[in-house]
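>
There are 2 protein chains.
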Amino acid sequence: MTTPFDPATLRYNEAGLIPAIAQDATDGTVLMLAWMNAEAVAATLATGRVTYWSRSRGELWRKGDTSGHIQRLVEMRLDCDRDALLVLVEQTGPACHTGRRSCFYTAVHAGTEVEIIAPPAGETA
Amino acid sequence: MTTPFDPATLRYNEAGLIPAIAQDATDGTVLMLAWMNAEAVAATLATGRVTYWSRSRGELWRKGDTSGHIQRLVEMRLDCDRDALLVLVEQTGPACHTGRRSCFYTAVHAGTEVEIIAPPAGETA
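Residue numbers (the working numbering), protein chains in the order written: chain A, 277 to 401; chain B, 277 to 401.
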């Protein structure tokens, strides 16, 4: 079954946003979770550059415009409830603002937080 | 750096929820995205059975209690902003209520929705 895709048909929250998981298309690493509005979804598909909505800045956030750590869209997927997105990406440089490859660098082991990915040399936290 | 983990230190939304990505610990497939409250986070860690908050039913949802399609927790990770979780799981049966392994079975290809994982035999949609 195929249907023309319209970003307006996704289910957004009360702020008009939908969570988007970015996953490395090559090895499956989950890199980050961020948010998109309908405009960001459309921009991502139109340009091939993954674009989120920055909740802190209140504006479209084309990933990598400042850092150079861009995400090229390989494939966008939606879930059965149409209220979550999975974007498979080709990531340039680290996805995390701390310089780590993934934002999910902290694990809970036996009730304790453990950093399982070290920060890059010369950086802390 | 290690710190005792307290579910109350995560950043929940105005409804007291945090998005949780479930990923197959074995092969990295992203299975679903659901939501946890602090109680669900604590229950998941305490029992090793991944437990969400069902927004539609308004109650704790220990995945698989009805379907048998349980998720054993392999590792819980949090992101740099402490406002998203990644749970690595050992999934029994399909994660999706449609019978598919992953909820992310629809992709957008050239502006068209395409189901990239077929429904199980005997089921539709």
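Idealized CB from N, CA, C, for every residue including glycine.
Which runs of the beta strand (DSSP E), 3 residues or longer, sit entirely within the segment 328–362 of chain A?
Correct list: 335–338, 347–354.
> Whose Cβ in chain B lies nearer than 9 Å to the Cβ of A:His345?
The residue given as residue 345 of chain A occupies position 69 in the first sequence. Within 9 Å Cβ-Cβ: nothing; A:His345 doesn't reach chain B, min ~14 Å.
> To the nearest whole angstrom, what separates the beta carbons of B:Trp337 and B:Ser330, a pair I think is in contact under 8 Å?
The residue you call residue 337 of chain B lines up with position 61 of the second sequence. The residue you call residue 330 of chain B lines up with position 54 of the second sequence. Between B:Ser330 and B:Trp337 the Cβ distance is about 4 Å, and since that is below 8 Å, they are a contact.
> So which residues of chain A does B:Gln299 contact, with C-beta pairs closer than 7 Å?
Against the second sequence, residue 299 of chain B aligns to sequence position 23. Near B:Gln299 (Cβ distances below 7 Å), the residues of chain A are Val306.
> On the DSSP letters alone, give me the boundaries of the alpha helix (DSSP H) that A:Val317 sits inside.
Within the first sequence, numbered from 1, the residue matching residue 317 of chain A stands at position 41. Counting along the chain, the alpha helix (DSSP H) containing A:Val317 begins and ends at 314–323.
> Would you mind sorting A:Arg221 into buried or exposed? The rule is 16 or more other CB atoms within 10 Å of its CB.
Past the edges of chain A, shown from 277 to 401, lies residue 221 of chain A, and the structure says nothing about it.
> Applying a beta-carbon distance threshold of less than 7 Å, which residues of chain C neighbour A:Pro295?
No chain C appears in the structure shown, which is made up of the protein chains A and B.
> By the criterion of Cβ-Cβ separation under 8 Å, what are the contact partners of B:Gly387 in chain A?
For the purposes of this step, residue 387 of chain B is taken as the residue at position 111 of the second sequence. By Cβ distance, chain A contributes Pro280, Phe281, Leu321.
> Determine the direct distance from the alpha carbon of B:Arg376 to that of B:Gly340, and round the result to whole angstroms.
As a first step, residue 340 of chain B must be located in the second sequence, where it is residue number 64. As a first step, residue 376 of chain B must be located in the second sequence, where it is residue number 100. Going by the C-alpha atoms only, they are around 14 Å apart.
> Ends of the beta strand (DSSP E) at B:Glu389?
One-based indexing of the second sequence puts residue 389 of chain B at position 113. Element bounds for B:Glu389: 388–391.
> Would you tell me roughly how many angstroms separate the C-alpha atoms of A:Asn252 and B:Val350, rounded to the nearest one?
Because chain A in this structure spans residues 277 to 401, residue 252 of chain A falls outside the shown range and cannot be described.
> When we look at the beta-carbon of A:Arg353 and count the other beta-carbons within 10 Å, is it buried (16 or more) or exposed?
Walking along the first sequence from the start, residue 353 of chain A turns up at place 77. Buried, because 16 or more other Cβ atoms sit within 10 Å of the Cβ of A:Arg353.
> By alpha-carbon positions, which one of B:Ala284, B:Leu307, B:Glu290 ends up nearest to B:Val365?
Translated into positions along the second sequence, residue 365 of chain B becomes position 89. Of B:Ala284, B:Leu307, B:Glu290, the residue nearest in Cα terms is B:Leu307.
> Out of A:Val384, A:Pro395, A:Ala397, which one is the CA nearest neighbour of B:Thr278?
To locate residue 278 of chain B, count along the second sequence from 1; it is residue 2. Taking only the C-alpha atoms, the option nearest B:Thr278 is A:Val384.
> Buried or exposed, going by whether 16 or more other CB atoms sit within 10 Å of the CB of B:Ser378?
In the second sequence, the residue the question calls residue 378 of chain B occupies position 102. Result: buried.
> Does the beta carbon of A:Ala360 sit closer than 8 Å to a beta carbon anywhere in chain B?
What you label residue 360 of chain A is simply residue 84 of the first sequence in a count that begins at 1. Output row for A:Ala360: interface = yes.
> Quick one: complete beta strand (DSSP E) runs, 3+ long, within the segment 278–319 of chain B?
The segment 278–319 of chain B contains these whole beta strand (DSSP E) runs: 278–280, 294–300, 306–312.
> Is the beta carbon of A:Ile297 less than 8 Å from the beta carbon of B:Ile297?
Against the first sequence, residue 297 of chain A aligns to sequence position 21. Against the second sequence, residue 297 of chain B aligns to sequence position 21. Their beta carbons are under 8 Å apart, which means A:Ile297 touches B:Ile297 by this criterion.
> Output the distance between the C-alpha atoms of B:Gly304 and A:Gln299, rounded to the nearest integer angstrom.
Within the second sequence, the letter at position 28 stands for residue 304 of chain B. Within the first sequence, the letter at position 23 stands for residue 299 of chain A. Straight-line Cα distance between these residues: approximately 10 Å.
> Of all the CB atoms in chain B, is at least one closer than 8 Å to the CB of A:Leu354?
Reading the first sequence from its first residue, position 78 is the one you call residue 354 of chain A. By this cut-off, A:Leu354 is an interface position.
> Thinking just about the alpha-carbon of each residue, which of A:Glu290, A:Ala316, A:Pro280 is nearest to the one in A:Leu361?
Locating residue 361 of chain A in the first sequence gives position 85, counting from the first residue. Of the listed residues, the one whose Cα sits closest to A:Leu361 is A:Ala316.
> At which residues does the beta strand (DSSP E) containing A:Ala383 begin and terminate?
Residue mapping note: residue 383 of chain A aligns to position 107 of the first sequence, counting from 1. 382–385 is the span of the beta strand (DSSP E), which, as asked, contains A:Ala383.
> Against chain A, with Cβ distances strictly below 8 Å, would B:Thr382 count as a contact?
Locating residue 382 of chain B in the second sequence gives position 106, counting from the first residue. Output row for B:Thr382: interface = yes.
> Would a check of beta-carbon distances place A:Glu335 closer than 8 Å to chain B?
Looking up residue 335 of chain A in the first sequence gives position 59. Chain B, which has no Cβ nearer than 8 Å to the Cβ of A:Glu335, makes this no.
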